[in-house]
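In the working numbering, the protein residues as written are 187 to 1163.
Structure first, then comments.
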Amino acid sequence: MPLLEPEPGALRPRGVDGPSPDRVPAHRAGGTPEPLRTELTDLLGADKVLWKVSDLVRYASDASPYRFVPQAVVIAEDVDDVSAVLSYARGRQREVVFRAAGTSLNGQAQGEDILVDVRRHWAGVEVLEEGRRARVRPGTTVLRANAALARHGRVLGPDPASAMACTLGGVVANNASGMTAGTTRDSYRTLSSLTFVLPGGTVVDTADPLADEELARAEPALCRGLTEIKREIEADPALTARIRAKYEIKNTTGYRLDAYLDGNTPVEILRGLMVGSEGTLGFIAETVFDTLPLYRERCAALLFFPSLPAAAAAVPRFNEAGALAVELMDANTLRASVSVEGVPGDWARLPGTTTALLVEFRAPDAAGRDACARRAAAALDGLDLVAPVPSITNRFTSDPRTVDGYWKARKAFVTAVGGARAPGTTLITEDFAVPPSRLAEACAALLELQAEHGFDAAVAGHAAHGNLHFLLAFDAADPADVERYGAFMEAFCRLTVERFDGSLKAEHSTGRNMAPFLELEWGPAATALMWRTKRLVDPHGVLAPRVLLDRDPRAHLRGLKTIPRVEEVADPCIECGFCEPSCPSGDLTTTPRQRIVLRRETVRQQPGSPLLDALLDAYGYDAVDTCAGDSACRLACPVGIDTGALMKDFRHRRHGPREEAAAALAARRFRAVEAAARTAVAAAGRIPDRVRDRLLAAVTGAARRAVRPDLVPRWLPQMPGAAGKLPATSRQGAAAVYYPACVNRILGGPAGPPGPSLPQALVTVSERAGKPVWIPRGVTGTCCATIWHSKGYAEGNRVMANRIVEAAWGWTGGGRLPLVVDASSCTLGIAREVVAYLTPDNRALHAQLRVVDSVEWAARELLPHLEVRRTAGSAVLHPTCSMRHLGDEAQLRAVAEACADEVVVPDDAGCCAFAGDRGMLHPELTAAATAREAAEVTARHYDAHLSANRMCEVGMERATGRRYRSALLELEHATRP
């Protein structure tokens, strides 16, 4: 047994009252049942089948109010894997659901049998024809695809608010559109071609000239059936007219029946049917989009009205003026948005009926923008605008930061409102459309209906297209509250269809919560055609049953998930998944959303349940140990949920008294610890290369087994040698105090040609710019406290946090001089993370400090006074996650651009997960986190590989085989006389 074993039972939930009605039953504790587990493993390989109950539970939730636990999860790598699973399911009468980002709001990404993950291995963008088209794999986020297109001045048509997280496969499968797409820029209108796999295993590329010929050979009955339905529709003028009318406004309810009218061949019909089919007709393996011009010039305003109907009534004048987007946000939405960083705090005091319109015009150039501004100003004449709080201006602006702030608030609609809901309640997101001319009337009717059923929903949406969303919360554990929700839904659907002839789903696709109302909207004849289409394409009923078509009138009330209360920091989570693309452990173990999902399931379970034990056994490694703790999830979450901080708290809970005491002692005697570490690294450097790595790997491996693998780092071949002595400096005339981080006092720079150390380079380049810095003698034995903070050692953290602040206050003359720190994570630690652990007196001292990252120091204070004498041809940057928290990415680029003719930040750049020593504790974490960025970096040659944190540089060197070093070393070289 390791010397410092985690405290048993430390992660058991506290204060559990008893089992929840929707808990996963105890008999599922063993995970995937036999023979399913063995058969899938034999078919695909063990590495592609997730079978533990913790895996099944973490995949059971998406952004919707539903929860269905799969029997098995398959990680498909290619089309062959998908075809194999479909063939197996047909032969065994099983069901298959595809899941990519899991951002769908209606349960489309959930299944009760075999769930196939098509995100992990399915990312990639190929820009075609100078950006006029793009080939995009289905696991690619909209944001990532647009980043590749932006360099060519192009953009995709669909622009959902979840673009940072949702993937193109899901966007097409749901025909998700967003703020500006309307009915002309959505997937149905902008897709050039599709490659998809039918339930029978047939692969169809609609761009292939021989596609129809090959499909006719492979699936003759399907081709005949599609052609027959097309003839029937075209022979019925009333039905044809009805179908055309339904798509004059946004509509994603049911199958896309106009595909039968727009397509002339079976392949063309299938291409249209796949859009919005929610994975019920086939798997979308690849998309090719016709792209649109990216207009970078913007003119926007956030305009406030006294009521929802008043705001809706103003929408037509902005449509007529040529606005690209007219977005509506009611008072509940605006007030909830206060939780979003950058939103004015006085919005919390907005009166209950206040409603805002976010209106944006876009143009290709400044002249076009000015013309837009004139039309916008004219549209304002005579509007009944209000300004009930001081921050409201009701003016159009082209300031990028202001406009981006407006959109940040708008795009946070679901998450911000969801985060503000009553704890323990389930969130429902509805999405409907009416003719834009009747939007004001529909708003008034919606408010009246909500009041009648006792709901106070938040309303927002794409007002320009008559498309509104509303959110309401209820207690899914209370049968009476579920019935109240059910009654409201029945009344809402009838109102939308019978009074407004609207769409019950405008862009979120049918899903489980609207499937029972499909016939209400479409009528029996059209609905029957949809059922025929499903039987034709999927005669064995393999794909996603009950997701789009369901004859059960209460299907929308089945599988509703409870939201038990857990730790306070996680309670606002609505499981939207916006955090997942930024999480470095997502392709290895769990994501922030999944960590919370698993935690909630432990609370649902009865104490002593074998399933609870199984979840907790897996949680230590899958959730706690392999969390990088970088809190990138907090930046991605619109309401700032910091799952990384929660995992650090869990690490603290797992520490026994002996472990905490040892960590505190190390903090108190850090001078000796630092010296010992530097001596050990120096000694390692003296061991002959041929035996060093093998010997040190064996020694650290034995220590890991004896103490605990999550505490003792393993030796890595990429470890640098020991640092040299710090350069001599003078306090007299210093423009700043320079604090070399302990990692740069212990470890040297990268291997390669001789050159200055980082401390030498920073001292030299500052002197060169006429801004000399001083290194205090007392830096040895101090630290930013991140070592203890990241591992959850509370007492050690308090010791070092207070020590460094007291010392820094003295060094800087009470804050008179800035404190320049040469590692971004340490800058963040001293500037922000130590605060919670300071005494009241030291908190007052900390408030007087000016903590500056060395890259910011170089960009703002040194560059204007330096002469660049030589540049590299090209440089690739790795911005650290700490720099993102600090907002210093632009400064890193500025320094790099002074040193290199071409500077590239990879589109897939993210947290390297080295996280101090976490990459040495769990090298597999860094390998998974850096895989995509490394592939991008190694795809071409760069003259320099630059970052701003020594351990991140080690991590990236390990991932790419390229020599990463500090941008400040490059700056010193570039300006050296």
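Glycine included, C-beta positions come from ideal geometry on N, C-alpha and C.
This one's a predicted model, so the numbers in the text were calculated from it and none came from an experiment.
Assuming residue i is part of the beta strand (DSSP E), what are its boundary residues?
i, result
"Glu-312", "311 to 314"
"Ile-261", "258 to 261"
"Cys-485", "483 to 491"
"Phe-284", "282 to 285"
"Ile-470", "469 to 476"
"Thr-381", "377 to 383"
"Leu-425", "Premise fails: Leu-425 lies in the alpha helix (DSSP H), 423 to 432, not in any beta strand (DSSP E)."
"Val-526", "Run containing Val-526: none; DSSP gives neither H nor E here."
"Leu-514", "511 to 516"
"Asp-391", "389 to 391"
By a C-beta neighbour count over all protein chains shown, 10 Å radius and 16 as the cutoff for buried, is residue i buried or exposed?
i, result
"Ile-873", "exposed"
"His-1051", "exposed"
"Arg-989", "buried"
"Thr-615", "buried"
"Gly-538", "exposed"
"Leu-396", "exposed"
"Trp-974", "buried"
"Val-885", "exposed"
"Pro-622", "buried"
"His-155", "No statement about residue 155 is possible, as the shown extent of the chain runs from 187 to 1163 and does not include it."
"Asp-1027", "exposed"
"Ala-427", "exposed"
"Val-357", "buried"
By the three-class DSSP mapping on this structure, what secondary structure does residue i have?
i, result
"Phe-582", "coil"
"Val-235", "strand"
"Leu-613", "strand"
"Phe-1100", "coil"
"Arg-548", "strand"
"Gly-647", "strand"
"Met-365", "coil"
"Ile-300", "strand"
"Ala-884", "helix"
"Met-905", "coil"
"His-1131", "strand"
"Thr-829", "helix"
"Asp-642", "coil"
"His-694", "coil"
"Met-187", "Confidence is the limiting factor: at Met-187 the pLDDT is only 45, short of 50, which leaves the residue's position unreliable, though a coordinate-based value still follows. Looking at Met-187 - three-state DSSP - the assignment turns out to be coil, as it is neither helix nor strand."
"Tyr-1150", "strand"
"His-655", "strand"
"Ala-542", "strand"
"Phe-618", "strand"
"Thr-1161", "helix"
"Thr-327", "strand"
Looking at the unbroken alpha helix (DSSP H) that takes in residue i, where does it start and where does it end?
i, result
"Ala-499", "494 to 506"
"Leu-784", "778 to 790"
"Ser-952", "944 to 954"
"Val-271", "265 to 278"
"Arg-1118", "1109 to 1123"
"Asp-1027", "1026 to 1032"
Tell me, please, which residues DSSP counts as bridged to residue i.
i, result
"Ala-1086", "Ala-1058"
"Phe-660", "Thr-612"
"Asp-448", "Bridge partners of Asp-448: none, in fact."
"Asp-1008", "Looking at the DSSP assignment, Asp-1008 forms no beta bridge with any residue, so it has no partner."
"Trp-960", "Val-923"
"Met-716", "Note: Met-716 sits in no beta bridge, so no partner."
"Thr-353", "Thr-327"
Stretch pair the stretch 875 to 883 + the stretch 914 to 923: three plus CB contacts closer than 8 Å: no
Meets three-Cβ-pair contact criterion under 8 Å: the stretch 309 to 320 and the stretch 263 to 270: no
Three or more C-beta pairs below 8 Å linking the stretch 249 to 263 and the stretch 288 to 304: yes
Cβ contact check for the stretch 424 to 440 and the stretch 253 to 267: 3 or more pairs under 8 Å: no
Sufficient close CB pairs (3 or more, under 8 Å) joining the stretch 823 to 830 to the stretch 749 to 760: yes
Sufficient close CB pairs (3 or more, under 8 Å) joining the stretch 762 to 770 to the stretch 803 to 823: yes
The stretch 697 to 713 contacting the stretch 626 to 635, beta-carbon criterion three pairs below 8 Å: no
contact_flag[the stretch 233 to 242, the stretch 341 to 351] where n(CB pairs < 8 Å) is 3 or more: no
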